[in-house]
Structures are given as structure tokens and as C-alpha cells.
Amino acid sequence: MKVHIGIDVDTGLIVAFKITEGKANDSPPLRSLLRQVGRIGKLLGDMAYSARWIFEEVKMKGGLPFIPFKKNATGRSKGCKIWRDMFLVFTNEPERFKEEYHPRSLVEATFSTLKRCWGEDLTSRKGWLCRKEAIVKVIAFNLQRVAYLDRAKELGIPLWQTLELPKLAVC
Numbered sequence: 805m806k807v808h809i810g811i812d813v814d815t816g817l818i819v820a821f822k823i824t825e826g827k828a829n830d831s832p833p834l835r836s837l838l839r840q841v842g843r844i845g846k847l848l849g850d851m852a853y854s855a856r857w858i859f860e861e862v863k864m865k866g867g868l869p870f871i872p873f874k875k876n877a878t879g880r881s882k883g884c885k886i887w888r889d890m891f892l893v894f895t896n897e898p899e900r901f902k903e904e905y906h907p908r909s910l911v912e913a914t915f916s917t918l919k920r921c922w923g924e925d926l927t928s929r930k931g932w933l934c935r936k937e938a939i940v941k942v943i944a945f946n947l948q949r950v951a952y953l954d955r956a957k958e959l960g961i962p963l964w965q966t967l968e969l970p971k972l973a974v975c
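Convert by adding 804 to the 1-based position in the sequence shown; the result is the number in my numbering.
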């Protein structure tokens, strides 16, 4: 089994998920993830999501797709204006693209937490039980996250804080 997730970058909560067979391609479940949420500001995904139909789906949800382009990709729109626009940002404004794309690491951190806290493997033998087990892990993650968010708010701790890096003088 494979869990595909969409997270809210501001809270770290899993707001959409889909469970597929382990060898399933990453991009088709995105339609299901997008159906589970309303409008979005941005979609941050890895190269597996670099397809014109995905860029169009994200645009229809009101978002901008910050997805790295494959090496052989071209800026030709083929009827997909958002593809061309984002290709220009990717190629002409790499620093802006990297800055916008950086929060995608939160997805990797979420998967790491899921595996660390509730184990990498599903122990059930039957497919439908494996699905239920994966769903329970997602719910447990969100419950833990909500408790963390509540406690952080109670203590006045900001969720995300930009730290000023020390300046070094080199002789």
C-alpha cells in the first residue's frame, strides 16, 4: 500500500489522502486529493507531478503549481498557458522558484513522522485491513498535530519562525 497525502503548509495537518497499491504511479491520485479540498493557493509537488493536466487541475482550483520540470520538458504550452508561465518562472527565476518550493519538505517530514511514530510497515495481511490501518495512522498523526497546535497556541509559541543566520567574518 502507498499513502498519497496533501498537507496544509501553515498547520502541517494532512488535509487530503488517498491509499493506492504500492506500485501505483504518483500522479493519478492527485485528482482525488484535489477533490478533497476547496481552493488552494499553491501546489508543491516533486517531478512525478510534472504534467500539463496537473497544472490545469491546480489552476482550476485557484492555485499555482510549483512543480520542478523534468530535464526534457519544454516551455511549449500545447494549450496549457499555466505550463508555459510556470516554466518561465522555473527557468528564468530559479531563486524565486526554490523559495516557493521549499515548504514541500514538510511533506517529507510528515512521512518521516508517520513512519517513526507508527511504524513503516502495515501489519495487516488483508488489503482492506491494510487500508484501515493506514487510515488510522493518518488520523493519529492529525490528532497528534492538533494537540501540538493547541499547546503551541496556548504557550504563545509560533509554529514557524525564520531564524536569522549568524554572520561570520573569515580572515
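The beta-carbon is built from N, C-alpha and C at its ideal position, and this holds for glycine as well. Because the structure is a prediction, the values reported are computed rather than measured.
- Within the segment 813-847, the alpha helix (DSSP H) runs of at least 4 residues that lie entirely inside it are, in chain order, 833-839.
- In this structure, G816 places its C-beta atom within 8 angstroms of the C-beta atom of L910.
- Going by beta carbons, G826 and M851 fall outside the 8 angstroms limit.
- When DSSP assignments are scanned along the segment 841-928, the uninterrupted stretches of beta strand (DSSP E) that are 3 or more residues long and fall wholly within it turn out to be 846-848 and 868-870.
- Among the bridge pairs identified by DSSP, I811 is matched with I818.
- For a cut-off of 8 angstroms, the C-beta gap from L838 to K863 is around 11 angstroms, too long to register as a contact.
- Sorting N829, W887, Q840 and P832 by C-alpha distance to the C-alpha of I811 places Q840 at the top.
- Put simply, of K919, R888, L918 and V942 the residue whose alpha carbon is nearest the alpha carbon of F873 is R888.
- DSSP places K941 in the uninterrupted alpha helix (DSSP H) bounded by G931 to L959.
- The beta carbons of S831 and Y853 sit about 5 angstroms from each other, so the pair counts as a contact at 8 angstroms.
- For the 8 angstroms CB-CB criterion, L847 and F870 form a contact.
- Across the structure, L892 and G879 are spaced so that their CA atoms are roughly 7 angstroms apart.
- Residue burial annotation: E958 is exposed, with fewer than 16 other C-beta atoms found within 10 angstroms of its C-beta.
- Straight across, the Cα-Cα distance linking S928 with D954 is about 33 angstroms.
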